[in-house]
Amino acid sequence: MGGLTTAAELAHAGQSVLVLEAHVYPGGCAGTFYHQGYRFDAGATLAGGFAPGAPLDWIATRYGIHWPMKPAAAVMQVHLSDGSVVTRWADPAAWQAERVRAFGVEAEHFWRWQEEQADRLWSLAMRGLPWPPQSPGDLLALAERGGGWLLEQIESMGMNAVADLGLDALRPVAARLGNASPRLREYVDGQLLIAAQATSEDVIGLYGAAALDLPRRGVGHLAGGMGVLAEGMVDAIQKMGGKVLYRHPVKRVRRDGSDWRVQIEGRRVEFSGRQLVMNLPPANAARLLEANTPATLLKRREIPPDGWGAFVVYAGVDGQVFSDTAALHQQILVGQPFSEGNSVFVSVSPAWDGSRAPAGQRALTISTHTRLASWWQLQGADLPAYEARRDSLQDTLLLAAERAFPGLRDGLQLALPGTPVTFARFTRREQGWVGGFPQTSLFRAWGPRLGRGLWLVGDSIFPGQSVPAVALGGVRIAQQVLAAAGGRPKEDWYDNHYLVDPA
Ligand SMILES: Cc1cc2nc3c(=O)[nH]c(=O)nc-3n(C[C@H](O)[C@H](O)[C@H](O)COP(=O)(O)OP(=O)(O)OC[C@H]3O[C@@H](n4cnc5c(N)ncnc54)[C@H](O)[C@@H]3O)c2cc1C
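Counting from 236, one number per residue, gives the positions in the sequence shown under the numbering used here.
Next comes the structure, spelled out in structure tokens:
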């Protein structure tokens, strides 16, 4: 989604754009794939950001996209470890009543803080903030856009509240939870892990407030699954004159004068362009750049020790297992720490969407956070042990999912597990690292500019992971690319560059 939004914005500005995608369908971690009559969401399942003015609404309007989306009333249900269930309603009054029921009126100061801070941060993010600043131009834009925003905040809240905002940029969400009940803490931690990749002791307040806010930003269910977002982007890019080539895995990237040259794996063809945007984690970008890798990238290309992998079960299940009233997204919290099957996210295709599964069945994506290293060690040294761990974790996830949908295992028609090794294979992300940098500091995310005409986009870049965040980052980076290109006349970046074999 990072690369597609960058491409759409550049095509919208009249630039000549080529997207090279390794896979046979678009979307990467937010794609949807076919398997034995099912359409499974590969990773992302919860589509947020459709509220008026939110990223996906803005994008749809700007590029003329009509995504087939039905708003979700019950965004998700969270099963706490004490057996209680909290429903995250989209309607503000219903959500307030539910949270008072679940966490008591004494937690209201936390929720008020969260919503107010999130509103402020989203209004700032939608101004396309060049964070972290990497050039005098970025600093100027930051001062202009951030300064204007800050003045508005001072006028509406006063200086003290603005100082508080500054503190939330440095201290974790836990500072705002104070002596919250264990129940509230568990709920917040579970939600933060899926939205910010760490829990309240580590996620900084500003990010945390915004991450907890996704259900307020317009969540919907997409006919055809999450992948229709990327498919809609591809159509829009093509309508605006851009080109998208599937089955074009980039093997190597090198400098050639003022151009970048791109070699494709398994094809005797090269492309060249003045500006190259890589929709990759830093380690992947360094691998493609080889000797051309900029020093900043060389220094920081490692996958962070707290970076996550995903373990996923794609399941086909008899439709009779699901009631009409249960939310289509369910989080099941089993215990601490919330990884390796202790926090399980279950998403079910809607009953009304016949495109997702054979008649009478539903397509499920069930996932948990997992650490990367042990999967690779086992896969390299002891394949039977790797397979045993995979099968055992699959059973753990299916058992947890039963808490939301009793009878699920009896109705199981098909189960397909995916480990970080699978993610590395299908998305090509090094070691299957997903979710970007855990949101523990404002200074962790990368800036997009790697060098002259060389850019990075995606969930390693501010504002980080999730489809709306990555999309927002993509638009912002396209605008920086345009500014850096200095209004150059429209040029063809791809035609006439078939160096070896035009076929
Ligand atoms: C299990 C899981 C659950 C998630 N749940 C949600 C959710 O519910 N809601 C939400 O909003 N977000 C969710 N996310 C996060 C969201 O999916 C990501 O933040 C987002 O999709 C990342 O997009 P990206 O553009 O950074 O990268 P990617 O999705 O990784 O896209 C990169 C693209 O580049 C292609 N590529 C890679 N290497 C090459 C190469 N050498 N040559 C050519 N092409 C190449 C890949 O095929 C891929 O299409 C989830 C993620 C995971 C893993």
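Glycine included, each C-beta is placed from N, C-alpha and C at the ideal position.
Within 8 Å: the Cβ of residue 577 and any heavy atom of ligand 1? no
Look at residue 705 and residue 692 and say whether their C-beta atoms are less than 9 Å apart. yes
Nearest to residue 678 by CA position, among 636, 404, 265, is which residue? 404
If you drop the 5 nearest sequence neighbours on each side, which residues of the same chain put their C-beta closer than 7 Å to that of residue 721? none
Can you tell me the Cβ-Cβ gap for residue 659 and residue 653, rounded? I've got them flagged as a contact below 8 Å. Not confirmed; about 10 Å, so no contact.
Would you mind giving the Cβ-Cβ distance between residue 355 and residue 385, rounded to the nearest angstrom? I have them listed as a contact below 8 Å. Wrong, their Cβ atoms sit about 10 Å apart, outside the cutoff.
Mind checking if residue 532 is an interface residue toward chain C, Cβ cutoff 9 Å exclusive? Included in the structure is just one protein chain, with no chain C present.
What are the partner residues of residue 585, as DSSP defines its beta bridges? According to DSSP, which records beta bridges pairwise, residue 585 is partnered with nothing at all.
From the DSSP output, read off the bridge partner residues of residue 507. 496
Out of 422, 515, 589, state which residue places its alpha-carbon closest to the alpha-carbon of residue 241. 515
In or out: residue 699 buried (at least 16 other Cβ within 10 Å) or exposed? buried
Which of helix, strand or coil does DSSP assign to residue 692? coil
So is the beta-carbon of residue 574 under 8 Å away from any non-hydrogen atom of ligand 1? no
Whole angstroms are fine: how far does the CA of residue 577 sit from the CA of residue 571? 7 Å
Cut-off 7 Å between Cβ atoms - residues of its own chain near residue 407, not counting five sequence neighbours on either side: 435, 436, 437, 438, 439, 440
What residue range is occupied by the uninterrupted alpha helix (DSSP H) comprising residue 472? 462 to 474
Tell me the DSSP secondary structure of residue 715 in three-state form. helix
If you follow the beta strand (DSSP E) that residue 306 is in, where does it begin and where does it stop? 304 to 306
How many angstroms separate the CA atom of residue 307 from the CA atom of residue 569? 25 Å
Taking the C-alpha atoms as reference points, what is the distance between residue 372 and residue 509? 20 Å
Within the present structure, is the beta-carbon of residue 780 separated from the nearest heavy atom of ligand 1 by less than 8 Å? In the structure as shown, the chain starts at 236 and stops at 738, and residue 780 therefore has no counterpart that could be examined.
Could you check whether the region 263 to 279 touches the region 289 to 305, counting it as contact only if at least three pairs of C-beta atoms, one from each stretch, sit closer than 8 Å? no
Residues of its chain near residue 725, where Cβ-Cβ distance is below 7 Å and the 5 sequence neighbours each way are ignored: Interpretation of residue 725 is limited by its pLDDT of 42, a score under 50 that renders its predicted location unreliable; the figure taken from the coordinates is listed afterwards. Taken in chain order, the residues that qualify are 249, 250, 251.
Could you tell me which whole beta strand (DSSP E) segments of length 3 or greater appear in the region 275 to 312? 304 to 306
Name the residue from 334, 696, 687 whose alpha carbon lies nearest to the alpha carbon of residue 213. The question about residue 213 has no answer here: the residues shown for the chain are numbered 236 through 738.
Please classify residue 517 as buried or exposed, where buried requires at least 16 neighbouring CB atoms within 10 angstroms. buried
Which value, in whole angstroms, describes the spacing of the CA atoms of residue 380 and residue 364? 7 Å
Please check the pair residue 465 and residue 303, which I expect to be a contact at CB under 8 Å, by giving their CB distance rounded to whole angstroms. With 8 Å as the limit, residue 465 and residue 303 do not qualify as a contact, their Cβ atoms being about 14 Å apart.
When you compare the CB positions of residue 630 and residue 460, do they come within less than 9 Å of one another, or not? no
Buried or exposed: where does residue 564 fall if 16 or more other Cβ atoms within 10 Å of its Cβ makes it buried? buried
According to DSSP, residue 640 sits in a beta bridge with which residue or residues? None, per the DSSP bridge assignment.
Exposed or buried, which one is residue 374 when buried takes at least 16 other CB atoms within 10 Å? exposed
Mapping DSSP to helix, strand and coil, what is residue 392? helix
Among 566, 713, 554, whose alpha-carbon lies nearest the alpha-carbon of residue 321? 566
Residue 710 by DSSP, collapsed to three states: which one? helix
Through-space distance from residue 269 to residue 484, alpha-carbon basis: 20 Å
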